[in-house]
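Read through the structure below, which is laid out as structure tokens, and then see the notes.
2 protein chains.
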Amino acid sequence: MIKKAKSGARRGRPLAFQRDAALEQAMRLFWSRGYEATSVSDLTEAMGISPPSLYGTFGDKKRLFMEAVDRYQAGPGEFARNALVEEPTGERAIRRLLMDATECFSDSRHPWGCMVVLAAINCTIESRDVVNALEGRRSDLEHAVRDRIYTARAAGEIPANTDVDALAGAVTASLYGIAIKARDGASRASLRRIVEQVMLLWPIRSGKVRSRA
Amino acid sequence: MIKKAKSGARRGRPLAFQRDAALEQAMRLFWSRGYEATSVSDLTEAMGISPPSLYGTFGDKKRLFMEAVDRYQAGPGEFARNALVEEPTGERAIRRLLMDATECFSDSRHPWGCMVVLAAINCTIESRDVVNALEGRRSDLEHAVRDRIYTARAAGEIPANTDVDALAGAVTASLYGIAIKARDGASRASLRRIVEQVMLLWPIRSGKVRSRA
DNA sequence: CTATTTACATAGCGAACGCTACAGTAATAG
DNA sequence: CTATTACTGTAGCGTTCGCTATGTAAATAG
Chain X
1 MIKKAKSGAR RGRPLAFQRD AALEQAMRLF WSRGYEATSV SDLTEAMGIS PPSLYGTFGD
61 KKRLFMEAVD RYQAGPGEFA RNALVEEPTG ERAIRRLLMD ATECFSDSRH PWGCMVVLAA
121 INCTIESRDV VNALEGRRSD LEHAVRDRIY TARAAGEIPA NTDVDALAGA VTASLYGIAI
181 KARDGASRAS LRRIVEQVML LWPIRSGKVR SRA
Chain V
214 MIKKAKSGAR RGRPLAFQRD AALEQAMRLF WSRGYEATSV SDLTEAMGIS PPSLYGTFGD
274 KKRLFMEAVD RYQAGPGEFA RNALVEEPTG ERAIRRLLMD ATECFSDSRH PWGCMVVLAA
334 INCTIESRDV VNALEGRRSD LEHAVRDRIY TARAAGEIPA NTDVDALAGA VTASLYGIAI
394 KARDGASRAS LRRIVEQVML LWPIRSGKVR SRA
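Now the structure itself:
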């Protein structure tokens, strides 16, 4: 087992690879293929290290995946938290969430789609931990979206009788659907137009929920 | 190799199992776990047959999966085509599509979510055929939804300047998102409310696209 | 220097993968 | 009956899976 040192000169032979760069490659592989479809030999090859180095540095395949998910959410997936926190109104926050998701999910510089949505859909029972972990991340997002819309309603931005849960559900469902469409190769322009369409759901302030024609 | 006979008395030893019932079990397994995460031994156990019987009757794992997808679309997934064909107006067709999808995807009598959306997300490169096949099915659905909305627009049900592609994209993205939420265990009631929310996107007839508040 | 610590490289573990060879069994054809 | 055809059960093929035992190399500690 390879131990970690906090700082200064570490006792033994130093790592012959950059931990961050190797983790980045693992993230990309897990992102594009998913947890179980990415084999340890796929990983070692992409990371440029041997199996004992992988296990010594990252524990095992499962912990490497979890760390890759953390890296995803702190890196390419950072847009979600930013959008919900940095925008002054609920509408701008949700619009930016969906628009930035569209940009990220269709960025040609990395795999298409959302790692949190797509990386652990098809798993055997042995990988239940991983499935539950990503399910938890999705649940966290849904709660954050709901909270942001509640805040907007409390601020009087939308009618008091707005069904916040349903609106948040529609927003996150759209996000998941956009992730799948991006994975399928949908153009960025088409995804943007979908976002514009979804944003028409945002309630008007007049206090009356729009009814059907 | 086991050959097929069209009718009448077949020459050799008869099948010791019901082909349809075995295929049904295979469909359920592929539906709940996905293509690669379902092993041939999982399949033979659930189908109650031995590997040579599976290979003799269905070809190989890939062809069995394809046939299971056909069975899914002709059975539990039949709602999609029905909704688009049987309803008199575009709005009722889309509403029924999403509502029936919600019922199907959260039906406790079979696996949650949509097989076409979820059964081949995480695959290795060797299963590219399977991935492309499901991608094609999704593309077919999107075209059908688009066509149905075009028809509605041509019939004057919605404004002539409606962005049909974007609307169809939003509908199918919602459908995919609902599939993922159902897989995650979302309640049927919450999904229904999401559908109601999404249906607020349906354009009004007055000829003026709704603007934001 | 030696001792200790840590990481690397090779090589391979047991198990599961998709799939099939082989022998036997149950039907029809004549 | 025998011959032919078709399916079944057992047993195992070669490969890959996640993971690790073993021995060596490269750093610090004293």
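Protein chains in written order, with this note's numbering: chain X, 1 to 213; chain V, 214 to 426. In this text, a Cβ means the ideal position worked out from N, Cα and C, and glycines have one as well.
| Check | Outcome |
| --- | --- |
| From what residue to what residue does the alpha helix (DSSP H) around ASP360(V) run? | 341-367 |
| Going by C-alpha to C-alpha distance, which of THR337(V), GLU355(V), VAL298(V) sits closest to GLY388(V)? | The amino acid occupying residue 388(V) in the given sequence is Leu; Gly does not appear at that position. Residue GLU355(V) is the option with its Cα nearest to LEU388(V). |
| Within 8 Å, do at least three Cβ pairs link the segment 295-309 of chain V to the segment 324-336 of chain V? | no |
| Closer than 7 Å, CB to CB, is GLU87(X) near chain V or not? | no |
| Is ARG361(V) closer than 7 Å to LEU297(V) when the C-beta atoms are compared? | yes |
| Excluding the five sequence neighbours on either side, which residues of its own chain have a C-beta within less than 7 Å of the C-beta of PHE65(X), listed in chain order? | PHE30, TYR35, VAL130 |
| Please tell me whether GLN73(X) and LEU380(V) are closer than 7 Å, where the distance is taken between their beta carbons. | no |
| Less than 7 Å between the C-beta atoms of PRO301(V) and ILE371(V), yes or no? | no |
| Indicate whether THR215(X) and ARG13(X) have their beta-carbon atoms separated by less than 7 Å. | Because chain X in this structure spans residues 1 to 213, residue 215(X) falls outside the shown range and cannot be described. |
| Any beta carbon from chain V within less than 7 Å of LEU201(X)'s own beta carbon? | yes |
| State buried or exposed for SER41(X), treating a residue as buried only when at least 16 other CB atoms are found within 10 Å of its CB. | exposed |
| Taking 7 Å as the CB-CB limit, is GLU339(V) close to chain X? | no |
| With a CB to CB cut of under 8 Å and the five nearest residues on each side skipped, what residues in its chain are close to ALA392(V)? | ALA314, PHE318, GLY326, CYS327, VAL330, LEU331 |
| Return the CA-CA distance between ARG11(X) and ALA37(X), expressed in angstroms with no decimal places. | 37 Å |
| Of all the CB atoms in chain X, is at least one closer than 7 Å to the CB of GLN286(V)? | no |
| Using a Cβ cut-off of 8 Å, pull out every chain V residue sitting near ILE194(X), in sequence order please. | ALA379, GLY382, ALA383, ALA386 |
| Quick one, are the C-beta atoms of GLY177(X) and ALA386(V) less than 7 Å apart? | yes |
| How long is the line joining the alpha carbons of LEU228(V) and PRO289(V), rounded to whole angstroms? | 26 Å |
| Taking C-beta pairs closer than 7 Å, name the residues in chain V that ILE178(X) reaches, listed in chain order. | ALA386 |
| Can you look up ARG224(V) in the DSSP assignment and give me helix, strand or coil? | coil |
| Could you work out which residues of chain X lie near GLN410(V), taking near to mean beta carbons separated by less than 8 Å? | ASP163, ALA166, LEU167, GLY169, ALA170, LEU201 |
| Listing by chain order, which chain V residues have their CB less than 8 Å from the CB of ASP36(X)? | The residue asked about is misnamed: residue 36(X) is Glu in this sequence, not Asp. Within 8 Å Cβ-Cβ: GLU249, ALA250, ASN335. |
| Residues of chain X with a CB under 9 Å from the CB of SER403(V): which are they? | ASP165, ALA166, GLY169 |
| By DSSP, does ASN122(X) sit in helix, in strand, or in coil? | coil |
| Of all the alpha helix (DSSP H) runs that stay within the bounds of the segment 257-322 of chain V, which reach a length of 4 or more residues? | 264-271, 274-287, 292-299, 303-318 |
| For the alpha helix (DSSP H) containing GLN197(X), name the first residue and the last one. | 188-199 |
| Below 8 Å between beta carbons is the criterion; list the residues of the segment 134-148 of chain X that meet it against any residue of chain V, in chain order. | GLU135, ARG138, SER139 |
| Among GLY136(X), ARG153(X), LEU200(X), which residue has its Cα nearest to the Cα of ASP70(X)? | GLY136(X) |
| What residue does the alpha helix (DSSP H) around VAL237(V) start on, and which one ends it? | According to the sequence displayed, residue 237(V) carries Glu and not Val. Taken as a continuous stretch (DSSP letters only), the alpha helix (DSSP H) holding GLU237(V) covers 232-246. |
| Among the residues of its own chain, which have a CB less than 6 Å from the CB of SER245(V), if the five just before and after it don't count? | PRO324 |
| Can you give me, in chain order, the residues of the segment 24-54 of chain X that have a beta carbon less than 9 Å from any beta carbon in chain V? | ARG33, GLY34, TYR35, GLU36, ALA37, THR38, SER39, ASP42 |
| Report the rounded CA-to-CA distance for ILE49(X) versus SER190(X), giving the unit in angstroms. | 40 Å |
| Shorter than 7 Å from the beta carbon of ASP60(X) to some beta carbon of chain V? | no |
| Determine which residues of the segment 97-120 of chain X have a Cβ less than 8 Å from any Cβ of chain V, and write them out in chain order. | VAL117, LEU118, ALA119, ALA120 |
| Which residues in the same chain have their Cβ closer than 6 Å to the Cβ of VAL422(V), if we skip the five residues on either side of it in sequence? | Per-residue confidence for VAL422(V) stands at a pLDDT of 47, beneath the threshold of 50, marking its modelled position as unreliable; no derived number is given. |
| Relative to the alpha-carbon of ARG322(V), which residue among GLU237(V), ARG418(V), THR257(V), ARG232(V) has its alpha-carbon at the smallest distance? | GLU237(V) |
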